[in-house]
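Have a look at the structure below, then the notes.
Number of protein chains: 2
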Amino acid sequence: MTKYTEYKNTRTKINDISKAISVLHWDQETNMPKGGAGLRAQQISTLAGILHEHKTNETYGKVLNELSNETLALKEKRNVEISLKSFSQNKKFDTDFVIELSKTTSECFQAWQEAKKQDDFGVFEPHLTKMVELKRKQAEILGYEDHPYTALMDEFEPDMTTKEVEVLFEQVKNELTPFIKQVFEAPQVNDAWISKHYNHQKQWDWGIDLLKFCGYDLNTGRQDVSTHPFTTDFGSQDVRVTTRINETDLMEMSWSTLHECGHALYEQGLPIEEYGLPSGTSVSLGIHESQSRLYENNLGRSYNFWQFCYPKLQALFPENLGNISLQDFYKSINKVAPSLIRTSADELTYHSHIMIRFEIEKALIEGSIAVKDIPSVWNEKYKTYLNVDVPSDALGCLQDVHWSHGSFGYFPTYSLGSFYAAQLYAKLSTDIPNYENEVIKGNYQPLLNWLRSNIHKYGSTYKASELCERATGEKLNFKYFMDYAKNKFGNVYELELAKV
Amino acid sequence: MTKYTEYKNTRTKINDISKAISVLHWDQETNMPKGGAGLRAQQISTLAGILHEHKTNETYGKVLNELSNETLALKEKRNVEISLKSFSQNKKFDTDFVIELSKTTSECFQAWQEAKKQDDFGVFEPHLTKMVELKRKQAEILGYEDHPYTALMDEFEPDMTTKEVEVLFEQVKNELTPFIKQVFEAPQVNDAWISKHYNHQKQWDWGIDLLKFCGYDLNTGRQDVSTHPFTTDFGSQDVRVTTRINETDLMEMSWSTLHECGHALYEQGLPIEEYGLPSGTSVSLGIHESQSRLYENNLGRSYNFWQFCYPKLQALFPENLGNISLQDFYKSINKVAPSLIRTSADELTYHSHIMIRFEIEKALIEGSIAVKDIPSVWNEKYKTYLNVDVPSDALGCLQDVHWSHGSFGYFPTYSLGSFYAAQLYAKLSTDIPNYENEVIKGNYQPLLNWLRSNIHKYGSTYKASELCERATGEKLNFKYFMDYAKNKFGNVYELELAKV
C-alpha cells in the first residue's frame, strides 16, 4: 500500500464517522420522537469524540507529514496540504480548551434560547462574554497575520482575509446602500396575494416539482419537513434537503426549496471517487452559498424562470393567482423593503443585515466593543443602514443563533455567496448558447452542466478565489453583483436609468 | 472513579456506537434513497469495526477481570459476568476468521437472493456449504458441553441447551401435531372478507390506534413503513416500529403492528438508567418474542380483545365488515390451515415450520446431513408434519433469509416466544383482578403494568429461565401452550372436548 493510499483510507474512515454523525443529526431534525433528545445528544457526542481521536491520530499525522515532503500531482498535493493544515490546527488545542469551549457553547446556546424567549439580553450577556473571550483565545492559538477575525473566519471561508471582506463591505456601503435608498423611495409593489391560504399538500407537491425541474436527483436524495430548512449529505450519493411549509405564505416554501436545491446540487455534483478527500468536499461556505443563492435568486427570482413555472403555479392555485399577471407576480417576488429580520430580507437589504453583523463581530473579536454594547450598537446601525427602529432585542440582536454557537466569521459567507453567484451567473449566461431561451423553455440542464464542470467537480482542488478565477476569468469582483442589482431592480422599480 | 463506574462508562460508549449503527440501519430500511446503498454499507462497516475495537479493548478487559474478583451486589455481579463472557468470546476470534465470516455472509446473502429469484438451490449451495463449515468452526472456537448447536444458539438464547430445545420439540411432535391434525379434519372457517380492498390511509390510521390502545408511547417512538416490519431502538427513549400495508389483506398490517408493538413495549420498558448495561438490555430473543407474540396472539387474537376493537374496525370499513359478526370475525382470524410459508402461518402450524428448521439446522451443524440434502429433507418433513407438497425450493427451503446471514440457532426462539407467552399469559390473567373484564373494556394498561414489573424492568438481571420462574412460579413448561391451544382452538373449531 502506498503512503497516499494509506492517507486516503484514513480519510475515508474519518468521513464515514463524520457522515454517520450527519445521519444522526438529520434524523434528529426530521424524525426523532421528542423523548429521544437526551440520548441522541449523548450518542452524537460519543461519535464526535471518536471522530476527534481519528482526526488527531499520531500515525495519521506522520503519514501526512511524510506525504507533504513527497512529489505529488497537483490534486494529491492540495489534498495533503489541506488535510495537514486541518490536522495541525486540531492538534493545537489541548483537551482543557476543547472541553471548555464545548461546555461554553452548550451553555451559551441554552442562554440564548432563554434570552430570546424572555426578550432579555442580560440573560445572554455573561455567556456570550465568556464565548467571545474563548474565541479571541482560539484566534491566538490558531495564529494569524493581519487580524484575529481572519483566524476564525478560516473555518468557514478558508484563505480569505478580514481586509478582503472589509473591502467588499465598503463597496456595499458606498454603492449598494445608496441604491437601496433610491429603491425605497420608488412606489412600492403589491404582494398581498402571497399571504392568502395555500394548501399544504399542494405546496409540498409544488416543491418536489421545483426540485425535479432544477435537476435534483431523487434517486440520490429526498426531501422532508423540518423547523429550519437545511441540506445535509452522507456522501454525494445521498444528499437530503428539508423545507418548511407555511400555509399563509406561498413563497417561503418556494425560496427555501430552491435555496436548498442549490446547496444539494453542489453536493450531488461532488466526485464520489474523491469521497472523504478535500477534492471531494465543498471548498468554502461562500462558494456553497453561491450555489444556493444562484438557484434561489439569480435563476429563481428571474422573470424568465417564471415564464415556464408561473402557469403551472397558477394552475395549482387558480383561486389565488388566477388574476395575478406574470408581470405583477414577478414584481412582487422582488419587493425590496426595510426589515428587522435577516432571514426574511430581500435580495438587496440582506447585505445590510450582514454588514451590521460583520462590523459588530469583528469589533468584538478585536476588542473594540464589549458584549454589553451589542444592543445599542445593533440598534444604531439598523437605524443608519436600514432606517429601521428595532423595537426589542428579541427582534434585534437576539434573532440569530450563530454567536451562541460560537460561529464568528460565518455571517460574511452569506454575502460572499450572493457576490460569487452574480459573477458566476454573468459568465454562464454568456457561455451557454441561448441561455435565456433555455430558461424560458424550462430547460435548466445547461445551467447545471456548467456548474458541474466549472464548480462542483473540483471539490476543494482549487481555493475559492482560484475557482472563481478559473470559472469567470477574474477574482471575486463586487461589480457583478452591483450590475445585477441595478439592472434587475432598476427595472422592477422602474427607476430612471440615468439616476441609476 | 470506581472500577464499576469505569466499566459503566465504557459500556455506555459501546452502546452509543451500537445505537448509532442502529440509526443508520433504520434509516436504510425506511428513508434512504436507493443511490445511497453503497456508501451506507461502507459507513456501517466502519462503525462496526470501531465498535469491535471498543468491545475488545484490553483496558476494558482488564477492568472486567478485576471487577469479576470484587464483591458486588447481585445486579452488578450479573452485569460484569455477562460483559466478561461477551468480551472473552469476542477475543476468541482472530481477525482472519472475522473477515472470512463477514465476507462469506455477504456472498451467501447475495447468493441466497439470486437463488430464490431463480428458484435454483444450486446457486446457494456452495456458499451455504462454506457458511456451515464456518459455523461449525465457530462452535468449536466458542466451545460447548453438549452439542455444537448450543454454542451457536447462545448468541440468541443464552443459557439454553440443545437438549432443552429437543425436549420441547418432542412435545410439539407428540402433543401439538396430533391436535393440529384433529383441527385440520374439522369443517373450515370462512375468511373471504380479509382479502377485500382496504384503503391504505385508513389501515395506517388503524395501526396507529392499535399502538395507542396497547400503550405504545409515541413520545418515545414512531411508526414507519418498510418492506419487512421490524422494531429497533436507540435506547428505551427512542424505540421505533415499522409495518407494511397490503390493501388486499386487512389483517397482515394488524398482526405485524401488534407483533412489533409487543417488541417495542419491552424496549420502552427497559430501565433507562441501566442504558448500555446487560441490566438495561433484553435478556434473550425467546423472551423478546414472548412479548410480541403475547400482544399478537394471546391478546390480539382473543375474542375479548375484539369485543372492544371490532366495532371500531367495522366502523372504519363498513362496506367490507358490516355483515360480518364478531363471532365470525373471531373465528376467521384464528383459521388453522396447512401452508408452505412460515411467516404467514397460523398460531399452531407455525411451530411445525420451526420444528422442521430446527431439525435441519441442528443436523447441519452436527454434520449428520449435508447442505446438498436440504431440499429433499425439507420437502419430506413438510409432507410428514404438515401434509404439504412443496412445489419449489423458492417456496420451500429458500424462503427464509436466516441461514444466509449465518444465523443458526435463531429459529427456535420463535417457538420459545409462543411458549413463554402462553405461560406468562396464564399467570397474568389470574394475577390481574378481573383481567378479562378489563380487556373487554379496552383497558390493556394492567397487562402492560404486569409485564413492566415482571419482565421489562429486569433487563438481563436474571437469566431467561429464572425470569420465567420468578414471574410464573415455574420454569418454561410446554403444558401452558398446549392448554391454551386446546382451549382456544377446540372452541373455534367446535371440537368435542372429550376428543381434545
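Chains as they are written, first to last, in the working numbering: chain A, 1 to 500; chain B, 1001 to 1500. Where a beta carbon is used, it is the ideal one built from N, C-alpha and C, also for glycine. Please read these numbers as outputs of a predicted model, since none were measured by experiment.
Under a criterion of Cβ atoms nearer than 8 Å, the residues of chain B adjacent to A:Phe234 are, in order, Gly1036, Leu1039, Arg1040 and Gln1043.
Beta-bridge partners of A:Thr232 (DSSP): A:Arg240. Annotation: the continuous beta strand (DSSP E) that includes A:Arg222 extends over Gly221 to Val225. Of the residues B:Pro1033, B:Thr1056, B:Leu1024 and B:Asn1031, the one whose Cα lies closest to the Cα of B:Gln1043 is B:Leu1024. Inter-residue distance for B:Gln1203 and A:Lys91 is about 56 Å (C-alpha atoms, whole angstroms).
Shown here, B:Leu1074 sits in a helix according to DSSP, grouped into three states. Closest option to B:Ala1426, judged by alpha-carbon separation, among B:Ser1465, B:Tyr1480, B:Met1032 and B:Ile1341: B:Tyr1480.
Among the residues facing chain B, A:Leu72 is not included, as its CB has no counterpart in that chain under 7 Å away.
Within 7 Å of the CB of A:Asn31, the CB atoms of chain B belong to Arg1222, in sequence order along the chain. Residue burial annotation: B:Pro1229 is buried, with at least 16 other C-beta atoms found within 10 angstroms of its C-beta. Straight-line measurement puts the Cα of A:Lys173 at about 22 Å from the Cα of A:Glu157. As summarised for the region 1274-1317 of chain B, the continuous alpha helix (DSSP H) elements at least 4 residues long and confined to that stretch are 1285-1293 and 1303-1316, given in chain order. Contact between A:Ser226 and A:Thr242 holds, since their C-beta atoms are separated by about 4 Å, short of 8 Å. Ranked by Cα distance from A:Thr349, the first of A:Ser88, A:Phe169 and A:Ala115 is A:Phe169. Contact fails between the region 1188-1207 of chain B and the region 1286-1301 of chain B, because fewer than three Cβ pairs, one in each stretch, are under 8 Å apart. With distances taken between CA atoms, A:Ser88 lies nearest to A:Asn57 out of A:Asn57, A:Lys77, A:Glu70 and A:Glu100. Taking a cut-off of 8 Å on C-beta distances, the region 1132-1145 of chain B touches the region 1092-1106 of chain B, as three or more cross pairs fall below it. Only residues of its own chain outside the window of five on either side were considered, and among them none has a CB closer than 7 Å to the CB of B:Asn1031. The count of Cβ pairs closer than 8 Å, one atom from the region 478-493 of chain A and one from the region 10-25 of chain A, stays below three, leaving the stretches out of contact. Scanning its chain for C-beta atoms nearer than 6 Å, with the 5 sequence neighbours on each side dropped, one finds around A:Asp346 the residues Val336, in chain order. The beta carbon of B:Leu1047 falls within 7 Å of a beta carbon belonging to chain A, placing the residue at that interface. Taken through DSSP and simplified to helix, strand or coil, B:Ile1050 comes out as helix.
For B:Val1172, no CB of chain A lies under 7 Å from its own CB, so it is not counted at the interface with that chain. Among the residues facing chain B, A:Gln201 is not included, as its CB has no counterpart in that chain under 7 Å away. When Cβ-Cβ separations below 7 Å define contact, B:Lys1008 makes no contact with chain A.
For B:Ala1485, the enclosing alpha helix (DSSP H) has its first and last residue at Phe1478 to Val1492. Taking a contact as a CB-CB distance under 8 Å, the pair A:Ala139 and A:Leu128 does not count as one, their CB atoms being some 16 Å apart.
The residue from B:Ser1236, B:Phe1124 and B:Gln1182 with its alpha-carbon nearest to that of A:Gly38 is B:Ser1236. Shown here, A:Ile245 sits in coil according to DSSP, grouped into three states, outside any helix or strand.
Below 8 Å, too few C-beta pairs join the region 417-426 of chain A and the region 434-441 of chain A to call them touching: fewer than three.
The closest CA to that of B:Gln1110, considering only B:Gly1406, B:Glu1466 and B:Leu1448, is found on B:Gly1406. For the C-beta of A:Ile50, the chain B residues within less than 8 Å are, from N- to C-terminus, Ile1017 and Ile1050.
Annotation: the region 1332-1388 of chain B contains the following complete segments of the alpha helix (DSSP H) (minimum length 4 residues), in chain order: 1350-1366 and 1374-1386.
Taking 7 Å as the Cβ-Cβ cut-off, the region 437-461 of chain A has no residue approaching chain B. Distance from the Cα of B:Thr1002 is smallest, within the candidate group B:Ile1050, B:Lys1034 and B:Glu1066, for B:Glu1066.
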